[in-house]
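Here's the structure, in structure tokens; my notes come after.
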Amino acid sequence: MKAIFAGLAAAVVITIAAGYGLPQIGYASEDVHSNENVRLD
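Residues 42 to 82 in this note's numbering are what the sequence shown spells out, letter by letter.
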């Protein structure tokens with residue numbers, strides 16, 4: 042039971058860290074899936 046809670050806590054920490062960290066290094070969804078060939082007119 043302790044291992045399940047530790048795994049759940051680790052998953053929560055990784056999720057929160059990824060949510061804040063990835064956009065800071067330029068790996069946000071809008072940065073990855075957009076380029077100069079996309080028209081937004």
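Built from N, CA and C at the ideal position, the CB exists for glycine as well.
Everything numeric in this text was worked out from a predicted model, so none of it was measured.
Roughly how many whole angstroms lie between the Cα atoms of residue i and residue j?
i, j, result
"glutamate 71", "proline 64", "9 angstroms"
"isoleucine 55", "glutamate 77", "32 angstroms"
"alanine 50", "serine 75", "33 angstroms"
"methionine 42", "glycine 48", "10 angstroms"
Between which two residues does the alpha helix (DSSP H) harbouring residue i extend?
i, result
"isoleucine 66", "Looking at the DSSP string, isoleucine 66 is not in any alpha helix (DSSP H), and its letter there is neither H nor E."
Does the distance between the C-beta of residue i and the nearest non-hydrogen atom of the ligand MN fall short of 8 angstroms?
i, result
"methionine 42", "Among the components of this structure there are no ligands whatsoever, and the ligand MN is therefore not found."
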